[in-house]
Every structure is written in structure tokens, then in C-alpha cells.
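Numbering (the working numbering), first residue to last: 2 to 445. In this text, a Cβ means the ideal position worked out from N, Cα and C, and glycines have one as well. Some notes on the structure that comes next.
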């Protein structure tokens, strides 16, 4: 018989299951009433940018096309053109396609599905940050490499609607979207860049009212294609939008996400508030808004405790739109402290991955890590379908972390096993990085 504690993490799904079982038989939803959380124009929110017009709609299918191309220049000028410490920015001095996304949403007789590809840099960098595929066989990183979203589901006409979905879906922990075109900046601060972009699992989107959504999750792990140990992760989101100028969202997570250490447990809370305090479509300043995100978490068991293995961080941004939203300016940044470095992105030293680790930059209990950053981003938006962005970033850490002039690649290329020591060589890591970004982002 399984111990009681093995099924306790699944309890958050029981209320959702009860509602689904008691729901009336689904039928076509009326168009007379706006969808929940869509009673106002929320395109000002980070993660919701883009046009309300959907030109790629054909019957039950609403198509979506994304192209994110960027040029990044680091004033550290690494010799190998490799940048470290970001889940959005990867190469110096080159034009690179961060993501080519083709897909869309299907909805027919309450049956739904969504697909979005991730060709380009994301197809290499996102799987690299997941250690779970080395546990077992069948190459999960390659199986999902070119897919950012892939899920199906069913809509139940209970309350203001319930969607039961399974597959790979966006998590939005850290407020910013995985897709840079949706965000106020290209490079988000650490509490967004270092926390999950996606989950692989099951979720129930319960729209309690026009202003409130409760969304429990049962997932394989913390941004992972598979499980790190024997149990699933659980969590959820509560999203409240009482008016068109205020949005409050909270994300909570519980799981075992240290590969090979089933006794270690992770808890995390991520909470944001966004306020639009100015809205004058005909004025020089057409909109103005601000956001604040606070994160806290820790790990305990398996040789660590919350007093020494924890994560604390924040990020805050202000954005103003001008001339009927054709121009925009964003300023902001944030900071984190993460003893144990369990949420620090490993520099790609000699081919290091999340699974391999590296002695050049350890992530052991007690290893200190503190970092801060700020961004200034200027956008030109001639149409809601395209954004031209120029951005300045400055990032700093208490330990050498960012790619310096010497780079992070041994002479002649990677040598030996990923992340391993190379005789007579060491990476050039520095404590600060300043870089410029120019990006062209299309979302149709």
C-alpha cells in the first residue's frame, strides 16, 4: 500500500475534479458575453502584448506566427561569442534567430488544442537547461526540442468555464512571457529568467468569475520534460483582474527537483501586481503602467535546510507608451540572492549543461550567489504585429559569472565530457556585464 504522503500532493486537484464531474454536458459557448478575464483591453500587461486582430483565423483554427531575431553586443567582447547567465540572450556580435514559432489554437465543439514551435536558438538553449532527460531513456530533450507548447483539452460549461488541459504549457512564473515580443523588455530580471517558462503535465483552468481564475497544476517537475525523482510537482496560479487597470497574480509550487536526491523538496512562491495608472489614447503619453514581482522559496531535506538553501528576489518595471502606443519606453530591473545556486543558470563552460554541471562554477550547498541588474528598453511599434526594440542591460554578481574577454570555450572547441576540466585552461568569468540589444519581433 502506498503511504499517505505519496498522494497528498495531488489533493489540490480534487476540487477541480469534483466540479468537472458535476458539470453539465458541454455545449457551444455563446458569443454574447465576453470571455472571462477579457472584459477590458489587457494588452498593456507583460505577457499579453500584440494585436487584438487575428488575421490568421480560419474557422475553428486561429493561427499564430512568431519571429524573434536579435543582435546582442556585450562590452566584455568574449572571443568565442558565447554569453552566459541568460535564458533569452546567447551570442555576442551576431544576428541570431531566437525563435521561429508557427502554430495556433484549435477550438471545435469544446475540444481545444494549441501548438507552437521553437525553431532557432531556443531549440538548443531551453532543453540544455533541463537535467531530467538523463534519468532514463528515449531522449526527452530531443523529443521536445522544437516544441514550446503542445497541449489538448476540453472546455466544460461550469461556472464561467473550466478548461482541462494536458501537455506542455506556459507557466508564466516570474511574470514575463517566454516569448520576448510579449514583454516590456527583451532581457527580464533574474526572478523571471531563472524560473520556469513551461511545465509538462496537466492543468485545470477554473474561471470562477469574469475577474478570477484558479489554475491547479500536476506536472513532471520544475521546467522539466521528465521527472527528477519519483514524484510529480504540484502547484497552481490564482489570477485576479477586478478592473481594466489592475492585475494580481500568484504562482505557488511544491516538488522534488534535485536530480538523484529524492529526499530534497523545493517550495516556491511568485507573486506580482501590475497597475495601469494612466490611459489617454489621444495624448502624447497614451499609457503608463508599472509592475512589481516578489519571489521566495527554499529547499529542505536531502542534506540542506531553508536557512542555508533559499531563493529571494524581486523585479520592478515602469513602462510608458507614446503617440497612440506607437512608441514605448521601459525602465526597471531587480535582484536575487540564492545560496546553493539551485536556480542559477550554469554558464556553458566547455559545453556544460544542467545535467553535467561543471567544477568551474559549482552549485553546492553553501555556495553563495547574489546578483542584480537593470534594463532600459525603447520600442518602435508601427503596427501591433511588429516591434523594433533597442535595449541596454547591465548585470552584476558577487562572484565571477558572466562571459569575459577570454570566453568560456577551450582553444579548439569543447574537450572531453561536457563541463569537464581542461588541462592548462580555465574560463574567463567576470562579475559584470553590459550589453546592447537590437531586436525585430513579429507576432501575427
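How is the alpha helix (DSSP H) around residue i delimited, first residue to last?
i, result
"residue 126", "123 to 129"
"residue 194", "191 to 194"
"residue 141", "141 to 144"
Just tell me which of the options has its CA closest to the CA of residue i.
i, options, result
"residue 79", "430, 444, 437", "430"
"residue 89", "96, 127, 76, 113", "127"
"residue 121", "131, 99, 111, 129", "99"
"residue 370", "407, 311, 389, 328", "311"
"residue 278", "135, 290, 269, 267", "290"
"residue 410", "351, 434, 361, 138", "351"
"residue 38", "296, 162, 232", "162"
"residue 308", "338, 274, 373, 177", "338"
"residue 434", "372, 419, 423, 424", "372"
"residue 133", "101, 263, 405", "263"
"residue 204", "237, 125, 131", "237"
"residue 93", "442, 428, 405, 293", "405"
State the beta-bridge partners of residue i as determined by DSSP.
i, result
"residue 299", "268, 311"
"residue 157", "163"
"residue 248", "275"
"residue 395", "375, 435"
"residue 320", "290, 331"
"residue 280", "288"
"residue 305", "302"
"residue 238", "216, 252"
"residue 152", "115, 168"
"residue 132", "Paired residue(s): none; residue 132 is not in a bridge."
"residue 443", "68, 387"
"residue 336", "315, 373"
"residue 92", "83"
If I'm right that residue i touches residue j with Cβ under 8 Å, what's the distance once you round it to whole angstroms?
i, j, result
"residue 437", "residue 74", "5 Å"
"residue 342", "residue 300", "Actually they do not touch by this definition, with Cβ atoms about 11 Å apart."
"residue 390", "residue 440", "4 Å"
"residue 402", "residue 86", "6 Å"
"residue 72", "residue 96", "5 Å"
"residue 357", "residue 325", "Their Cβ separation, rounded to whole angstroms, is 50 Å, which puts residue 357 and residue 325 out of contact at 8 Å."
"residue 185", "residue 47", "5 Å"
"residue 152", "residue 115", "6 Å"
"residue 154", "residue 113", "5 Å"
"residue 170", "residue 199", "7 Å"
"residue 444", "residue 182", "5 Å"
"residue 448", "residue 146", "Within the shown structure, residues of the chain are numbered from 2 to 445, placing residue 448 beyond reach of any answer."
In terms of residues, what are the limits of the beta strand (DSSP E) holding residue i?
i, result
"residue 218", "213 to 220"
"residue 1", "This structure cannot speak to residue 1, because the chain is shown only from 2 to 445."
"residue 201", "199 to 208"
"residue 73", "62 to 75"
"residue 102", "96 to 109"
"residue 115", "112 to 118"
Does the beta-carbon of residue i, which I'm using as the reference point, lie nearer than 8 Å to any heavy atom of the ligand HEM?
i, result
"residue 235", "Ligands are entirely absent from the displayed structure, and the ligand HEM is therefore not among its contents."
Cβ pair count under 8 Å reaching 3, the region 58 to 78 against the region 103 to 110: Yes, the region 58 to 78 is in contact with the region 103 to 110.
Sufficient close CB pairs (3 or more, under 8 Å) joining the region 282 to 292 to the region 135 to 151: In short, these stretches do not touch, since the Cβ pair count stays below three.
Given 8 Å, three or more beta-carbon pairs between the region 183 to 196 and the region 308 to 323: Cβ pair count under 8 Å is three or more, so yes.
Touch test, the region 330 to 340 against the region 209 to 216, Cβ-Cβ under 8 Å, three pairs minimum: Result no; under three Cβ-Cβ pairs closer than 8 Å.
Segment contact flag, the region 411 to 425 with the region 378 to 390, C-beta cutoff 8 Å, min 3 pairs: Here the region 411 to 425 makes no contact with the region 378 to 390; the two share fewer than three CB pairs at distances below 8 Å.
Inter-stretch contact (C-beta, 8 Å, three-pair minimum) for the region 215 to 233 and the region 358 to 368: When C-beta atoms of the region 215 to 233 are compared with those of the region 358 to 368, fewer than three pairs fall below 8 Å, so the two segments do not count as touching.
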